[in-house]
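If you're matching positions, the sequence shown starts at 2 in my numbering and goes up one per residue.
Ideal Cβ placement from N, Cα and C applies to all residues, glycine included.
First up is the structure itself, then whatever we jot down about it.
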Amino acid sequence: MNATIHATNATANATRVRPCPLCGGLEREVQARRDGWEIVQCARCEMVFLGSALAYDEQAKNHDWVEEHTKELAQRRAKQPVMLFLSRCTRWLRPEPTARLVGQTLRWAHSGRLVDFGCGDGRFLAQARAHFDVTGIELSPQGAEVSRRRTSREKIFEGPVTEVAERDLPAGAFDIVTQFGYIEHEWHPLAGLRAAHRVLKPGGLTILKTPNYASWNRHIRGMNWCGYHVPAHCNYFTPQTLAKILREAGFEPLRRLLADRLPTSDSLWMAARKS
Ligand SMILES: [Zn+2]
2 MNATIHATNA
12 TANATRVRPC
22 PLCGGLEREV
32 QARRDGWEIV
42 QCARCEMVFL
52 GSALAYDEQA
62 KNHDWVEEHT
72 KELAQRRAKQ
82 PVMLFLSRCT
92 RWLRPEPTAR
102 LVGQTLRWAH
112 SGRLVDFGCG
122 DGRFLAQARA
132 HFDVTGIELS
142 PQGAEVSRRR
152 TSREKIFEGP
162 VTEVAERDLP
172 AGAFDIVTQF
182 GYIEHEWHPL
192 AGLRAAHRVL
202 KPGGLTILKT
212 PNYASWNRHI
222 RGMNWCGYHV
232 PAHCNYFTPQ
242 TLAKILREAG
252 FEPLRRLLAD
262 RLPTSDSLWM
272 AARKS
């Protein structure tokens with residue numbers, strides 16, 4: 002196990018070997034295997050990611066996130082019915098997820114132009130528009146359509162986030178870029194962050210939420226950890242690797258509140274300023 006390998010042999014599912022999305026390195030250690038995919042850790046910068054790549058059109062066509070998520074839930078229901086039952090029973094104790102996203106955003110900013118990378122079904126934007134002038138980008142055609150119905154037709158762009166942001170959004174025009182549950186799906190996360198950097202005004206903010214690969218729960222639950230969705234999640238960040246990739250893209254990560262730094266949290270929250 003965990004032998005260092007050189008990335009020359011692709012797995013069965015691989016279309017091609019994927020260099021480290023943070024530093025471009027090819028030396029990696031296999032951390033886990035699932036359905037023919039390898040979750041690997043870069044020997045140079047410690048970034049954890051899927052070691053082989055999937056093209057965008059393939060991702061949208063055969064691995065639509067809405068469908069993948071439904072599949073994953075069905076698998077989990079079959080494998081861990083007790084955990085799922087308990088999670089449902091205690092749901093009322095937890096803040097409503099969309100309200101939590103809005104709450105996190107309002108910690109850092111109260112108004113301005115906001116663009117949501119990977120806006121999913123538009124639930125967040127529908128609530129955020131009470132405070133911000135909102136725009137969204139979504140790869141999934143299904144998600145984009147629902148988002149349009151929930152917000153406004155002309156403010157939702159459909160397609161690969163990085164490409165759309167580069168092509169359709171003006172540089173230096175936004176105050177905030179939110180990325181909630183997006184960066185773990187992005188096959189080119191550095192390009193995604195650079196696109197966020199480009200569309201932001203000087204001093205603008207990006208706010209991220211992604212599964213926390215450093216969480217205790219991930220160590221305890223192994224491959225049953227809720228952050229694993231293969232191949233939908235192709236990047237697995239720790240607070241260190243997320244801060245590193247943000248700096249690489251020209252951002253300065255902001256001090257995280259204690260509540261956001263707990264290793265018991267499966268979610269990793271981070272905000273960063275365009276420097
Ligand atoms: Zn690396």
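On the three-state DSSP scale, how would you describe Thr211?
-> Thr211: strand per DSSP, three-state reduction.
Ala15 to Arg101 span [Cα, whole Å] = The predicted position of Ala15 is uncertain, since its pLDDT is 42 and thus under 50; a value taken from the coordinates is nonetheless stated next. If you take the alpha carbons of Ala15 and Arg101, they lie about 36 Å apart.
Other residues of its chain near Thr239: CB distance less than 8 Å, five sequence neighbours each side excluded | Correct list, in chain order: Glu47, Val49, Asn213, Tyr214, Ala215, Leu269.
Please find out if some non-hydrogen atom of ligand 1 comes closer than 7 Å to the beta-carbon of Cys235.
-> Outside the cutoff, so no.
Do the CB positions of Ser53 and Arg19 come within less than 8 Å of each other?
-> Contact flag set, yes.
So, helix, strand or coil for Thr179, using DSSP?
-> Here Thr179 carries a strand assignment [DSSP, helix/strand/coil].
Say whether the region 144-157 touches the region 169-189, bearing in mind that this needs 3 or more beta-carbon pairs closer than 8 Å, one atom from each stretch.
-> Too few Cβ pairs lie closer than 8 Å, so no.
For Phe133, the nearest candidate out of Gly123, Asp122, Gly113 (CA to CA) = The shortest CA-to-CA distance from Phe133 to any of Gly123, Asp122, Gly113 is the one to Gly113.
If you measure from the CB of Arg45, is any heavy atom of ligand 1 nearer than 7 Å?
-> Judged by the Cβ position, Arg45 qualifies as a neighbour of ligand 1 at the 7 Å threshold, a heavy atom of the ligand being closer than this.
Is the region 222-231 close to the region 249-260, with three or more CB pairs under 8 Å?
-> Touching, no.
CB Val135 to CB Ala172, shorter than 8 Å?
-> Taking 8 Å as the Cβ cut-off, Val135 and Ala172 do not qualify as a contacting pair.
Nearest residue (CA-CA) to Leu140, options Ile184, Arg34, Glu97 = When the alpha-carbon of Leu140 is set against those of Ile184, Arg34, Glu97, the nearest one is in Ile184.
Say yes only if the C-beta of Gly52 is nearer than 7 Å to one or more non-hydrogen atoms of ligand 1, and no if none qualify.
-> No.
Below 6 Å CB to CB, which residues in the same chain sit around Arg34 once its five sequence neighbours on both sides are set aside?
-> In the same chain as Arg34, and ignoring 5 residues on each side of it, no C-beta atom comes closer than 6 Å to its own.
Local Cβ density within 10 Å of Glu39, reported as buried at 16 or more and exposed below that | Classified as buried, Glu39 has 16 or more neighbouring CB atoms from the shown chains inside 10 Å of its CB.
Cross-strand partners of Glu187 (DSSP beta bridge) | DSSP, once it has assigned bridges, lists no residue as partnering Glu187.
Through-space distance from Ala273 to Ala197, alpha-carbon basis | A direct Cα-to-Cα measurement between Ala197 and Ala273 gives close to 11 Å.
When you compare only the Cα positions, how much space is there between Gly123 and Val116?
-> So the alpha carbons of these two residues sit roughly 12 Å apart.
Starting from Lys156, trace the alpha helix (DSSP H) both ways and give me its first and last residue.
-> Per DSSP, Lys156 belongs to no alpha helix (DSSP H) and is neither H nor E.
Contiguous alpha helix (DSSP H) assignments of at least 4 residues, all confined to the region 219-268 | Runs of the alpha helix (DSSP H) inside the region 219-268: 240-249.
When DSSP labels each residue in this structure, what does Gly137 get in the three-state scheme?
-> Gly137: strand per DSSP, three-state reduction.
Regarding Met224 and ligand 1, is the C-beta to nearest heavy atom distance less than 7 Å?
-> No; taking the cut-off as 7 Å, the Cβ of Met224 has no heavy atom of ligand 1 nearer than that.
Among the residues of its own chain, which have a CB less than 8 Å from the CB of Thr265, if the five just before and after it don't count?
-> Hits under 8 Å: Ser216, Trp217, Asn218.
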